[in-house]
Ligand code: AMP
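Numbering (my numbering), first residue to last: 38 to 321.
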C-alpha cells in the first residue's frame, strides 16, 4: 500500500495506474476508520481495479464552534485498517496541501438542498463538503467514487454536483453499516460515554419503529415524526426529524416507497445523524 501526502504524488500514482490500463475507485474519508468505511472499500473493489482512500479532516466543512480540533485523528491505526482492507493508495494530505491559499477564491455552493436538514443547523457545511469532494475528484480523477448512505444528504448533493457540473465520475452509495444493536457506525461514536451510547440507540430504534409503521401501511408523515419524537424523548435532544423526498429533500406529508426518514440529535455533547429509506422490508 502506498501512502502519499502531496497532490503531486497522488496524481503520479493515478497516472501510473491509468497508464497500466487500470480503473480507480476513490473512497473519501475523514479518518478514524471503522467498518462503515471499509464497507465502501469493498464496494469499490467490486467495481474498480485499484482503490484510493483519502483521509482528510476538512476544516471548510466545520462550523466555528464544531469539533474540528477534537475530531479523532489516528493515522497509524487508519493505515493498518486501510492495509488490511486491501486499499492500494492512502492520500492523507495536510491542510496546506488542499488549501494552499488558506481561503479559497472559488468554492462549490449548492443552490438548492444545502440549507435543509443538516444544512439548517450547519450553515456552510455542504459548501465545505462539495468543495473538498470537487478537489479530491480533481486530484484523483477516479472512475468511481463511493459515499455512505449514512450521510445521505451529502451523497445526494454530491450526485447533484457531479451531474450539474459534468464531472464525469460515477457516484455510488453504500448502505449504512450498524453495530449489532443498531447503532450506526460513526467516527463520532468514540465521543460517547457508556450511558450516552445507550441513549444514542434511541435514534436507530425509532427508525426501526418507522420501518414497522411503513410495513403496517401507515402513510401519514406526521405519525412517523411522532414516533421519532417519542422514541428519542429524554434520551437525546432532537435537532430535526423529517420525512423527505430523497431526490428533492423536500418534506412530504404522505409517506411512500423511497421516502427518507432522517434524524439529527445531540446526545450529551455529541451530534449524531441516522436515517432510513422506507421500502419493502425485503429490500432493507
Ligand atoms: P467520514 O469519515 O465520517 O467523513 O465518512 C466517510 C465516508 O464513509 C462517507 O461517505 C460516509 O457516509 C461513510 N460512512 C460513515 N459511516 C458510515 C456507516 N456507518 N455506514 C456506511 N458508510 C459510512
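Idealized CB from N, CA, C, for every residue including glycine.
Bear in mind that the values here come from a model prediction, so they are computed numbers and not experimental data.
Residue closest to residue i, alpha-carbon to alpha-carbon, out of the options
i: residue 216; options: 294, 197, 267, 71; result: 71
i: residue 156; options: 277, 291, 296; result: 277
i: residue 239; options: 122, 123, 272; result: 272
i: residue 231; options: 206, 61, 307; result: 307
i: residue 187; options: 282, 73, 218, 39; result: 73
i: residue 247; options: 287, 294, 236, 117; result: 294
i: residue 97; options: 118, 165, 87; result: 165
i: residue 167; options: 204, 211, 113, 137; result: 204
i: residue 144; options: 113, 281, 202; result: 202
i: residue 191; options: 179, 107, 137, 161; result: 161
i: residue 126; options: 133, 136, 134, 115; result: 115
i: residue 281; options: 275, 303, 315, 263; result: 315
i: residue 132; options: 163, 150, 149, 172; result: 172
i: residue 104; options: 67, 140, 135, 317; result: 67
i: residue 92; options: 226, 218, 291, 135; result: 135
i: residue 185; options: 146, 39, 313; result: 313
i: residue 317; options: 245, 260, 301; result: 245
i: residue 117; options: 181, 260, 148, 38; result: 38
i: residue 147; options: 163, 111, 56; result: 163
i: residue 292; options: 142, 274, 69, 261; result: 261
Environment of residue i [buried if 16+ CB atoms lie within 10 Å]
i: residue 77; result: buried
i: residue 254; result: exposed
i: residue 270; result: exposed
i: residue 249; result: exposed
i: residue 53; result: exposed
i: residue 175; result: exposed
i: residue 252; result: exposed
i: residue 87; result: buried
i: residue 65; result: buried
i: residue 102; result: exposed
i: residue 50; result: buried
i: residue 27; result: A query on residue 27 cannot be resolved here, the shown segment of the chain reaching from 38 to 321 and no further.
i: residue 279; result: buried
C-alpha distance - residue i paired with residue j, whole-angstrom precision
i: residue 229; j: residue 289; result: 32 Å
i: residue 159; j: residue 208; result: 24 Å
i: residue 258; j: residue 299; result: 12 Å
i: residue 195; j: residue 284; result: 12 Å
i: residue 59; j: residue 311; result: 35 Å
i: residue 222; j: residue 213; result: 8 Å
i: residue 305; j: residue 236; result: 9 Å
i: residue 211; j: residue 199; result: 17 Å
i: residue 256; j: residue 120; result: 46 Å
i: residue 43; j: residue 263; result: 49 Å
i: residue 81; j: residue 177; result: 14 Å
i: residue 266; j: residue 243; result: 8 Å
i: residue 183; j: residue 233; result: 30 Å
i: residue 150; j: residue 297; result: 14 Å
i: residue 108; j: residue 129; result: 15 Å
i: residue 169; j: residue 140; result: 13 Å
i: residue 84; j: residue 197; result: 21 Å
i: residue 89; j: residue 45; result: 14 Å
i: residue 63; j: residue 302; result: 30 Å
i: residue 111; j: residue 227; result: 12 Å
i: residue 55; j: residue 41; result: 17 Å
CB contact check: residue i to chain C, cutoff 7 Å
i: residue 96; result: Among the chains in the structure shown there is no chain C, since it carries only a single protein chain.
Beta-bridge pairing of residue i - partner residues as DSSP gives them
i: residue 278; result: 300
i: residue 313; result: 298
i: residue 308; result: 303
i: residue 288; result: 281
i: residue 40; result: 127
Please give me, in chain order, every unbroken run of the beta strand (DSSP E) with length at least 3 that falls completely inside the stretch 62-93. 87-92
Contained beta strand (DSSP E) runs [length at least 3] in the stretch 127-204, N- to C-terminal order: 181-185
Threshold first: 4 residues or longer. Then list the alpha helix (DSSP H) segments lying entirely within the stretch 197-266, N to C. 231-252
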